[in-house]
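Taking it in order: structure first as structure tokens, then the write-up.
Protein chains in written order, with the numbering used here: chain A, 1 to 590; chain B, 1001 to 1434.
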């Protein structure tokens, strides 16, 4: 840009968040004296409607062609300020941010003066970069109005149906011969005690007959190429491969029931020590009989252990798939650190079913905390009315299971109320185990480039505000693939993922970020290091030159750092721009 | 342009539903009863378990929502009448007078600076005061003042000082009729008033407060500037007790909230950790029945609260709270689960975690919509398992806490907001085909 930079600086008080520590008026006055700064002001909340209006007014009034906001983090607020610049007719990439909250007022809350000095440093750096900013154009991509749903469980089927009903074509893929997922194998559901078939069968029926749904069973993913709007997916089965082109992908491949290793609570040693899943099967077949007593133990393999620092350290730099493999291996023995959310209700359900069939059986549930959240409290009440016994035991001391000389099992646990050891002779011991992530996620996560969380489940884009989005555009999560959920919660997440995917497909196009790598072909020697290092497969060597496919590039900068010829630069993060910032920091008077 | 949709309630669930629908091409009328959108999330300090600043992550979402050309925001407005059926609802909205011209007001706040009349600040849970002409909180959307006529002295000072000439004390209520295809209800929750159970001492003892009051006190933009002080003497409390399940899991006829409100264990642990971060020397005890830290990352968070922050968890449901009249310290009487004896312990401050209950006026709204409520007073699902967010009326959906504690936290509310958007798109698309 030939035009002389005219920079406007807006310094935010963030109420007392910044203003309570950093001397904001002083920083503003300082900014006014910096090169190319035409205008500076401070606002109580720059992100409020008033603050944004002030930016727009100043752009017009002072004919600003660059904007710097010194406030919080670009992670949450950059899109907002960029949008504001755009509304005022300024290219959104002529905007720069200085984070004087996290990096000044928060970390230096006990050193107000130094925090103010540092805020000035950061503003000076931002202004130095802003003067060199260039306008950028965001590439626009066509979005195919076809979706791929991976996993035909209750969440996947719900998502597929929702999109199909909105008129989008959906490929619904499952590794099993039949759709229905984990729910199809269940017997009864809590809290209605209805047959699982009542929920799952009608859904299967509609999914199978819907004209917009192509149900592909006994198939798995082999390869995923492409990007939002234009994914090329290869599916594979014993019958061969199938290629499809889709605009969005919803991952709904579920979770598995944790199976305790042999010997844990004598599982696999005595055949009357079983899991809730196995009891479900026994009840389904109707051969529970009339046992004198059944003892259930909660949190077997859940809420155990802590994620080790070594595991955390590996995250997020390491290959996510490698991380998951490590976690899975460690967890196999000691169990999972999280609460699996559904096991308390599941145990109560099976206890009620036993009581209904055999009222004389004494059903004892050993628990630490009973997590019957929401209106499931009524369901808990129902079990107590049926005289199911809930015994709170001291969790830290795992119950011991032995076999008596008469062949019966005996569970010894410490009662939390009396503090005494109690012994329950019993016919069955039933272990409540958590849902755990699938091993096949390793491959899936790698193919889709979706990160894995430290608990082993796929990670959402933002834990609070983007629960079904991932950090890969066009890829969404539904159901237990992102952590334990019950059926209504899975259905809700399926519908939510469908909503997010439908927005992209309904608009038929999407705008992506302009911060991508640019290759200077004159300097490129076609060594291929960029192609090797890129986690997103963006650069490709063609005719001995690197070509970056912009749409795949996430702007991480790995290739630019690696390039031995310095042939690659990043838009918006050019070497001259970054060096100007460094120079502004180290040589403030220059 | 497709058929419009009315979204009732501008909390995080309603905001998500509105944004998703607008991005999907629907015209959205977002109707909010109070002067600003933002809902409960706007009142929170931090969110568990990531400790993100609540307002910092909410504010961009609020602005993104109302900026969308397909969203028409109607604040300080209430739905008065709904007629018709799915695909064809006629919704009558009453826009209450703000006594401020929305088009002229710039939200500069000069009127509030000059206003001589004060009233308790609802946004800060009535800790501290606001003026009779006010904005509920600095990041309010829209950024427009409102005059609270009940506390207005009619002195006319605001009118005299307003540089935009925006004050209009003659403003009349306005009725708006909207033709829409579907309705989404996202009216949220109220907090149970703990003074209903007198033995907990709320409103009898100054140093017994609710968790929502604590939340405002901890918030840097709250009435105390983020300084944790106790009400009786303004001193920093060194020992704090949390009492869980105030009015929840309680079947007593005169209380009758048998359900678990799903979020209190988690936010109590969050607040305890926040206090520890503010004042590392504080001694904190959480009295609870069952520690319900279900859901992603919460058990791990509780473990950290114990090991890293040294918070004491006492499994006991205290029977009574009394006050030491000399120090205003609060004494909690409880059964010690280990010795099985009645014990008492003195604290500088006691925080009650009350259950969440249906919004006031929800019965009336349900009647207007023709939708049924469940036995607790939340919106009833058409099918609790298969169609959790469909109300009993076709074309009317519900999300967020107004469907009861089946939600719980923010991510659940966001997912539900998106899910109702999906349901609307689905149902209206099917009507079009038919």
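Note that CB positions come from ideal geometry on N, CA and C, so glycine has one too.
This one's a predicted model, so the numbers in the text were calculated from it and none came from an experiment.
Per DSSP, which one or two residues make a beta bridge with residue i?
i                      : result
residue 12 (chain A)   : A:43
residue 462 (chain A)  : A:466
residue 1202 (chain B) : B:1205
residue 296 (chain A)  : A:365 and A:430
residue 1242 (chain B) : B:1286 and B:1351
residue 1314 (chain B) : B:1287
residue 546 (chain A)  : A:541
residue 1052 (chain B) : B:1047
residue 1114 (chain B) : According to DSSP, which records beta bridges pairwise, residue 1114 (chain B) is partnered with nothing at all.
Helix, strand or coil for residue i? Go by DSSP, reduced to three states.
i                      : result
residue 1387 (chain B) : strand
residue 1179 (chain B) : strand
residue 1295 (chain B) : coil
residue 1254 (chain B) : coil
residue 313 (chain A)  : With a pLDDT of 48 at residue 313 (chain A), under the threshold of 50, the modelled position of that residue is not reliable, and the figure given next carries that caveat. Three-state result, residue 313 (chain A): helix.
residue 1134 (chain B) : strand
residue 390 (chain A)  : strand
residue 30 (chain A)   : helix
residue 1037 (chain B) : coil
residue 482 (chain A)  : helix
residue 1008 (chain B) : strand
residue 1197 (chain B) : coil
residue 1127 (chain B) : coil
residue 1096 (chain B) : coil
residue 529 (chain A)  : helix
residue 1216 (chain B) : helix
residue 1120 (chain B) : strand
Rank the options by C-alpha distance to the C-alpha of residue i and give the top, closest one.
i                      : options                           : result
residue 1074 (chain B) : B:1225, B:1087 and B:1014         : B:1014
residue 582 (chain A)  : A:43, A:73, A:379 and A:127       : A:127
residue 58 (chain A)   : A:72, A:40, A:428 and A:406       : A:40
residue 378 (chain A)  : B:1232, B:1256 and B:1179         : B:1256
residue 521 (chain A)  : A:546, A:252 and A:539            : A:546
residue 102 (chain A)  : A:122, A:8 and A:148              : A:122
residue 161 (chain A)  : A:204, A:199 and A:451            : A:204
residue 1181 (chain B) : B:1087, B:1259 and B:1064         : B:1087
residue 111 (chain A)  : A:165, A:227 and A:18             : A:18
residue 211 (chain A)  : A:265, A:190, A:167 and A:137     : A:167
residue 1071 (chain B) : B:1029, B:1112 and B:1104         : B:1029
residue 1430 (chain B) : A:164, A:75, A:90 and A:24        : A:164
residue 573 (chain A)  : A:517, A:432 and A:181            : A:517
residue 537 (chain A)  : A:543, A:8 and A:558              : A:558
residue 1003 (chain B) : B:1019, B:1025, B:1017 and B:1016 : B:1025
How many whole angstroms separate the CB atoms of residue i and residue j, which I take to be in contact at a CB cut-off of 8 Å?
i                      : j                      : result
residue 146 (chain A)  : residue 245 (chain A)  : 7 Å
residue 1350 (chain B) : residue 1385 (chain B) : Not confirmed; about 39 Å, so no contact.
residue 71 (chain A)   : residue 1139 (chain B) : At roughly 13 Å, the Cβ-Cβ gap does not stay under 8 Å, so residue 71 (chain A) and residue 1139 (chain B) are not in contact.
residue 341 (chain A)  : residue 485 (chain A)  : 7 Å
residue 1172 (chain B) : residue 1319 (chain B) : Incorrect: roughly 53 Å between the Cβ atoms, too far for contact.
residue 1371 (chain B) : residue 1396 (chain B) : 6 Å
residue 1095 (chain B) : residue 1174 (chain B) : 4 Å
residue 1011 (chain B) : residue 1188 (chain B) : 5 Å
residue 1031 (chain B) : residue 1089 (chain B) : Wrong, their Cβ atoms sit about 13 Å apart, outside the cutoff.
residue 494 (chain A)  : residue 155 (chain A)  : 4 Å
residue 472 (chain A)  : residue 448 (chain A)  : 6 Å
residue 1158 (chain B) : residue 1167 (chain B) : 5 Å
residue 235 (chain A)  : residue 221 (chain A)  : 6 Å
So which residues of chain C does residue i contact, with C-beta pairs closer than 8 Å?
i                      : result
residue 1047 (chain B) : Judged by its chain identifiers, the structure shown contains no chain C, and its protein chains are A and B.
Runs of beta strand (DSSP E) lying entirely within the region 1385–1431 of chain B, each at least 3 residues, in chain order: Within the region 1385–1431 of chain B, the complete beta strand (DSSP E) runs of at least 3 residues are 1396–1398.
Segments assigned beta strand (DSSP E), at least 3 residues, entirely inside the region 327–386 of chain A: Counting only runs of 3 or more, we get 362–367.
Segments assigned alpha helix (DSSP H), at least 4 residues, entirely inside the region 551–578 of chain A: As summarised for the region 551–578 of chain A, the continuous alpha helix (DSSP H) elements at least 4 residues long and confined to that stretch are 558–562, given in chain order.
Secondary structure, alpha helix (DSSP H): runs of 4+ residues fully inside the region 69–151 of chain A: Those alpha helix (DSSP H) runs which fall completely within the region 69–151 of chain A and span 4+ residues are 74–87 and 112–130.
Runs of beta strand (DSSP E) lying entirely within the region 152–216 of chain A, each at least 3 residues, in chain order: If you keep only unbroken beta strand (DSSP E) runs of at least 3 residues inside the region 152–216 of chain A, you get 169–173 and 213–216.
4-residue-minimum alpha helix (DSSP H) runs that sit fully inside the region 221–298 of chain A, ordered along the chain: Along the region 221–298 of chain A, the alpha helix (DSSP H) occurs as fully enclosed runs of 4 or more residues at 276–285, listed in sequence order.
Those runs of the alpha helix (DSSP H) which lie wholly inside the region 1329–1383 of chain B and span at least 4 residues: With a minimum length of 4 residues, the continuous alpha helix (DSSP H) runs that stay inside the region 1329–1383 of chain B are 1362–1369.
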